[in-house]
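Residue 229 in this note's numbering sits at position 104 of the sequence shown, and the numbers go up by one each step. Glycine included, every Cβ here is placed at the ideal spot set by N, Cα and C. Before any comments, here is the structure.
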Amino acid sequence: MNRDQAYAAYAAQNFSWEVDGGVATLTLNRPERKNPLTFAAYAELRDLFRGLAAARDVDAIVITGAGENFCSGGDVHEIIGPLTAMAMPELLAFTRMTGDVVKAMRACPQPVVAAIDGVCAGAGAMLALAADVRYGTPNARVAFLFTRVGLAGADMGACTLLPRVVGHGRASELLFSGRALAADEALAWGFFNRLCAPGAVLGEARAFARTLAGGPTFGHAMTKKMLHQEWAMGLDEAIEAEAEAQAICMATGDFRRAYEAFAAKRTPAFEGN
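Here it is as structure tokens:
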């Protein structure tokens, strides 16, 4: 990976962004409206996550929402209203852009941890689903609302990602009905990795992200890449791909540092190379 750009000073226009100790926190920051997305927010999210492949000072990312909600989806007045007046080329350009946000989140080398409280709906649910790990609260409610507004449940990769997380039957129910998934049910189904107290979820997500940032970040990036690529592989192909991936990791300084630390009975200091 060629990582040579600094992102600590990145000046976000459509959300809040801060970097501390290798952990970036991206906060959707329109709490008075439950943090809905706009055309500009989608575009900036896409471009930011694409650019993070080159970030030398970001090793893990936390995405959350301001106030007591994660994200209510696309802004009804600023997105859904205008969409009803657009021609097909414009509509397709928009749906491709929203899908590109998920593609960029899945392709960036850093693990993404979502800290979710309150409303997590529509495109907001897809941002959560695109994360690698999801921490929720008992107040969280997750809903894939697309059919509620006359659309297909197939949006931003939902029909691929959701069955892999909760199973085909459960995903079908959620995408057909658009019903809200309560937090305890989401935990039991595997959508949430864990539930935290509402006031603690961001801190716990950041703490986990810090452990990732302090680990073998090259190895984490390879793990994320293989988790994504192996969806479309058979077992023999996957085993060969993992053999090649692991051989690459064995050539890194982090692998040697881990061995030297083990031999010296100390904790390894990983450097990401």
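Beta bridge counterpart(s) of residue i as assigned by DSSP
| i | result |
| --- | --- |
| I186 | A149 and V237 |
| R319 | Y260 |
| C196 | C245 |
| A180 | Q130 |
| E143 | T150 |
| L162 | G199 |
Beta-carbon separation (whole angstroms), residue i vs residue j, contact threshold 8 Å
| i | j | result |
| --- | --- | --- |
| V148 | D182 | Between D182 and V148 the Cβ distance is about 10 Å, and since that is not below 8 Å, they are no contact. |
| A180 | Q138 | Actually they do not touch by this definition, with Cβ atoms about 18 Å apart. |
| A212 | R231 | Contact flag wrong, Cβ pair sits at about 30 Å. |
| G224 | G282 | 6 Å |
| N318 | V258 | 5 Å |
| A178 | C233 | 6 Å |
8 Å Cβ cutoff met for residue i and residue j
| i | j | result |
| --- | --- | --- |
| T163 | I205 | no |
| A191 | T150 | no |
| A240 | V326 | yes |
| A185 | V238 | yes |
| C196 | P161 | yes |
| R171 | A229 | yes |
| G249 | R273 | no |
| L299 | L306 | yes |
| G198 | A166 | no |
| D242 | T262 | yes |
| V267 | A253 | yes |
| F395 | T342 | yes |
| G397 | D379 | yes |
| M351 | E362 | no |
| V271 | A277 | According to the sequence displayed, residue 271 carries Phe and not Val. Taking 8 Å as the Cβ cut-off, F271 and A277 qualify as a contacting pair. |
Handout entry: 4 or more residues per run - each alpha helix (DSSP H) lying fully within the region 215 to 293
Key = 248 to 255 and 283 to 291
Problem - Residue ranges of each beta strand (DSSP E) within the region 292 to 368, 3 or longer - result: 305 to 307
Exercise for the section: Evaluate contact between the region 217 to 224 and the region 330 to 349, counting only Cβ atoms and requiring at least three cross-stretch pairs below 8 Å. Expected result: no
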